[in-house]
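So the sequence shown is residues 14 to 298, counted in our numbering. A virtual CB, placed ideally from N, CA and C, is assigned to each residue, including glycine. Quick caveat: nothing in here was measured; it's all calculated off a predicted structure.
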Amino acid sequence: MTDLNINSRIQLADGNSMPIEGLGVYKMTDEQQLVDSVHAAYNAGYRLFDTAQMYKNEAAVGKAIKQLDAKREDLFVTTKIAEENQGYDGVMSSFEESLKKLQMDYVDLLLVHWPIHQHFFETWRAFEKLKEQGLVKSIGASNYGMIHLEYLKTKANEMPVVDQIETHPYLSQESMINFNKENNIVTQAWAPLGRGRIFDDETLKKVADAHQKSPAQVILRWHLQRGITFIPKSVHETRIVENANIFDFELTAAEMEQLDGMNKNVRISQEPEMVYEIGHQYPHG
Ligand code: NAD
Numbered sequence: 014m015t016d017l018n019i020n021s022r023i024q025l026a027d028g029n030s031m032p033i034e035g036l037g038v039y040k041m042t043d044e045q046q047l048v049d050s051v052h053a054a055y056n057a058g059y060r061l062f063d064t065a066q067m068y069k070n071e072a073a074v075g076k077a078i079k080q081l082d083a084k085r086e087d088l089f090v091t092t093k094i095a096e097e098n099q100g101y102d103g104v105m106s107s108f109e110e111s112l113k114k115l116q117m118d119y120v121d122l123l124l125v126h127w128p129i130h131q132h133f134f135e136t137w138r139a140f141e142k143l144k145e146q147g148l149v150k151s152i153g154a155s156n157y158g159m160i161h162l163e164y165l166k167t168k169a170n171e172m173p174v175v176d177q178i179e180t181h182p183y184l185s186q187e188s189m190i191n192f193n194k195e196n197n198i199v200t201q202a203w204a205p206l207g208r209g210r211i212f213d214d215e216t217l218k219k220v221a222d223a224h225q226k227s228p229a230q231v232i233l234r235w236h237l238q239r240g241i242t243f244i245p246k247s248v249h250e251t252r253i254v255e256n257a258n259i260f261d262f263e264l265t266a267a268e269m270e271q272l273d274g275m276n277k278n279v280r281i282s283q284e285p286e287m288v289y290e291i292g293h294q295y296p297h298g
């Protein structure tokens with residue numbers, strides 16, 4: 014664990030690799046703020062940037078990345094297909110738009126943002142096509158539960174190599190993470206910090222004090238030690254840097270257990286089943 018750093022990558026089942034940590038850009042709608050955040054993250058060593066059609070900021074991400082003096086192959090860019098663009102044709106045409114906005118020839122990872130039953134297999138067929146065409150290096154899912162993955166397996170030629178799910182100490186998702194591991198799918202945590210709402214938790218504060226680290230750093234370290242990847246979001250340079258400084262300490266087995274014990278099975282967002290059944294559009298009201 015101690016030889017890892019912010020640039021470390023994890024192997025994906027398709028032969029590609031992905032940085033273990035990245036910057037999430039959800040709700041960054043002010044262009045200059047987004048550009049500054051991406052640049053601060055890049056300077057702090059982040060190489061993965063996580064956007065989505067739904068965030069309406071792919072163009073700003075493209076602009077921020079263009080301004081970096083970086084080789085494209087050193088970066089890892091993820092975007093996601095919105096529910097309204099699912100279906101074979103919708104994926105193909107909306108993805109073309111996404112690439113234009115990002116000013117890129119390819120993305121490293123394309124995710125189905127949420128499972129919806131209307132276009133379940135058609136959407137995935139388009140994903141496989143985009144990968145075949147080289148426009149997407151890796152294909153994955155987001156908010157897919159076990160049932161969605163089991164069902165997809167009945168027709169997919171290739172399975173998702175990443176499943177990006179909500180997980181933080183109040184929603185530890187232990188079974189889902191184990192399922193993903195058993196199926197060679199890398200779990201990537203969204204809202205890894207519980208969207209900043211759980212920092213006052215006493216257990217967390219105690220562990221943080223013991224290491225002279227912040228609650229945010231302890232949570233990210235917990236994710237790292239339980240073997241998953243994560244994309245915390247912040248627009249503040251100091252926090253962006255803080256969230257990257259998690260590679261110089263280690264939680265004990267007892268501390269890992271204490272954080273595991275914080276689980277309440279509480280979601281910040283929608284149940285994936287509700288989205289699957291009624292196609293409820295994010296942000297779900
Ligand atoms: P998060 O858990 O990353 O929390 C972000 C919030 O935590 C910030 O807005 C800030 O208030 C606070 N914060 C961050 N670092 C901090 C620090 N060091 N100290 C104190 N406060 C700090 O929540 P998120 O933004 O919802 O999730 C991260 C990313 O995951 C998003 O930006 C997005 O890219 C992705 N995401 C994906 C989905 C999906 O359905 N696939 C849904 C939501 C988010």
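| query | result |
| --- | --- |
| Under 7 Å: does the beta carbon of Ile129 sit that close to some heavy atom of the ligand NAD? | no |
| What's the C-alpha gap between Gly298 and Gln283? | The predicted position of Gly298 is uncertain, since its pLDDT is 43 and thus under 50; no value can be drawn from it. |
| Can you tell me whether Asp121 is buried or exposed, with buried defined as 16 or more other CB within 10 angstroms of its CB? | buried |
| Quick check: Phe262 and Lys219, are their CB atoms within less than 8 Å of each other? | no |
| On the three-pair Cβ rule with 8 Å, is the segment 95-102 touching the segment 123-139? | yes |
| When the distance is taken between beta carbons, is Phe62 closer than 8 Å to Val51? | yes |
| Give every residue of the same chain whose Cβ lies closer than 8 Å to the Cβ of Leu165, excluding the five residues on either side of it in the sequence, and list them in chain order. | Phe133, Phe134, Trp137, Ala154, Tyr157, Met172 and Pro173 |
| Is any beta-carbon of chain B found at less than 8 Å from that of Lys79? | Going by chain labels, chain B is absent from the structure shown, which holds only one protein chain. |
| Should Ala229 be counted as a contact of the ligand NAD given a C-beta to heavy atom distance under 7 Å? | yes |
| Does the segment 268-278 come within contact of the segment 70-85, defined as at least 3 CB pairs closer than 8 Å? | no |
| Is Pro205 close to the ligand NAD? I mean its beta-carbon at under 7 Å from any heavy atom of the ligand. | yes |
| Tell whether a beta-carbon distance below 8 Å holds between Trp203 and Glu187. | no |
| Can you check which of these residues, Gly207, Gln131 and Glu195, is closest to Pro228 by C-alpha distance? | Gly207 |
| In the DSSP assignment, find the unbroken alpha helix (DSSP H) run with Thr91 in it and report its ends. | It is not in any alpha helix (DSSP H) - Thr91 instead sits in the beta strand (DSSP E) that spans Phe89 to Ile94. |
| Mind pulling the alpha helix (DSSP H) runs of 4 or more residues that sit fully within the segment 36-109? | 44-56 and 71-80 |
| So, Lys168 versus Leu36, is the Cβ gap smaller than 8 Å? | no |
| So is the beta-carbon of Gln66 under 7 Å away from any non-hydrogen atom of the ligand NAD? | no |
| Helix, strand or coil, according to DSSP, for Leu25 in the structure here? | coil |
| With distances taken from CA atoms, which of Glu109, Tyr101 and Leu112 is nearest Gln304? | In this structure the chain extends from 14 to 298, so residue 304 is not present and cannot be described. |
| Could you name the residues of the same chain whose beta carbon sits closer than 6 Å to that of Phe212, not counting the 5 residues immediately before and after it, in chain order? | Pro228 |
| For Asp176, which beta-bridge partners are listed by DSSP? | Ala154 and Thr200 |
| Buried or exposed, going by whether 16 or more other CB atoms sit within 10 Å of the CB of Lys150? | buried |
| With respect to the beta strand (DSSP E) encompassing Leu10, which residues constitute its N-terminal and C-terminal limits? | The displayed coordinates of the chain run from 14 to 298. Any statement about residue 10 would go beyond what the structure contains. |
| Beta carbon of Gln201, beta carbon of Gln177: below 8 Å? | yes |
| On the premise that Leu184 lies in contact with Val279, defined as a C-beta separation below 8 Å, what is that separation, rounded to the nearest angstrom? | 6 Å |
| Does the beta carbon of Asp261 fall short of 7 Å from some heavy atom of the ligand NAD? | no |
| Got a sec? Which residues, its chain only, sit under 6 Å from Ala54 by beta carbon, not counting five neighbours each side? | Leu36 and Ile253 |
| Buried or exposed, going by whether 16 or more other CB atoms sit within 10 Å of the CB of Glu71? | buried |
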